[in-house]
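Following our numbering, the numbering of the sequence shown begins with 7 at its first residue and continues without gaps.
Have a look at the structure below, then the notes.
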Amino acid sequence: MEARAMEAYVAHLGGHHRAATVLSMGVARIRCGLGDTRAGEDVMRATAAWQRLHDDRAAVAHGRELLHLWAHLEDKGLLTPAHSEAMRQVRRRLVTLGVAPAQDLDVPAPHSGHQWPSEEQRLREASRRARANEYCRSTGQGGPSAL
């Protein structure tokens, strides 16, 4: 998980903000599912990268996911005042993009019936991604920038 967080940071430094957003949200999702108190900081990192997205469709899709993660943190009592402000910024941008009226964004779950993956599923997915990344690197098809 730490390697994935580092990969997100490197993507962010390299200007690959979509990759940084996706990778940071992946780490945050896992930590949220585990009830890890560091999840909020991971969602903050994902939000920071998300704010730099220029593609409106990607901003909408990832913004909804961010709101879902923020809501999960709020339900778990892990939301700080700084996190609440970041959540409001995400909502404001989505409203600006014409996604929905502000009151509709109070229920942020992007998928009905969403369940957090089990630890076994997360480990299997992490292993699959690691193999895919290794294959891409060995064939010269890139790393985070290929996302």
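Think of the CB as a built atom: it goes at the ideal place given N, C-alpha and C, for glycine as much as any other residue.
Note that the coordinates shown come from a computational prediction; the quantities given were computed from them, not determined experimentally.
Give the DSSP-derived three-state secondary structure of T43 in the structure shown. coil
Note the first and the last residue of the continuous alpha helix (DSSP H) segment covering D81. D62 to D81
Quick one: measure Cβ to Cβ for T102 and L59, integer angstroms, because I've assumed they're closer than 8 angstroms. The Cβ separation is near 13 angstroms, so there is no contact.
Leaving aside the five residues before and after G46 along the sequence, list all residues of the same chain whose C-beta is less than 6 angstroms from its C-beta, in chain order. L79, L84 and H89
So, helix, strand or coil for T102, using DSSP? helix
I believe A17 touches A11 by the beta-carbon criterion, under 8 angstroms. Please report the beta-carbon distance rounded to the nearest angstrom. Their Cβ separation, rounded to whole angstroms, is 11 angstroms, which puts A17 and A11 out of contact at 8 angstroms.
Less than 7 angstroms between C-beta atoms, sequence neighbours within five positions excluded: which residues of the same chain meet that for G41? K82
Tell me which same chain residues have a C-beta within less than 7 angstroms of the C-beta of A52, skipping the five on either side of it? T27, S30, M31, A34 and L72
Cβ atoms of G69 and L100: under 8 angstroms apart, would you say? yes
Report the three-state DSSP secondary structure of L29 (helix, strand or coil). helix
Can you give the Cα-Cα distance for G104 and D62, rounded to whole angstroms? 10 angstroms
Backbone CA spacing between R130 and E91 [nearest angstrom]: 34 angstroms
With A19 as the anchor, note down where its alpha helix (DSSP H) starts and where it stops. Here residue 19 is Leu; the residue named in the question, Ala, does not match the sequence. Counting along the chain, the alpha helix (DSSP H) containing L19 begins and ends at E8 to L19.
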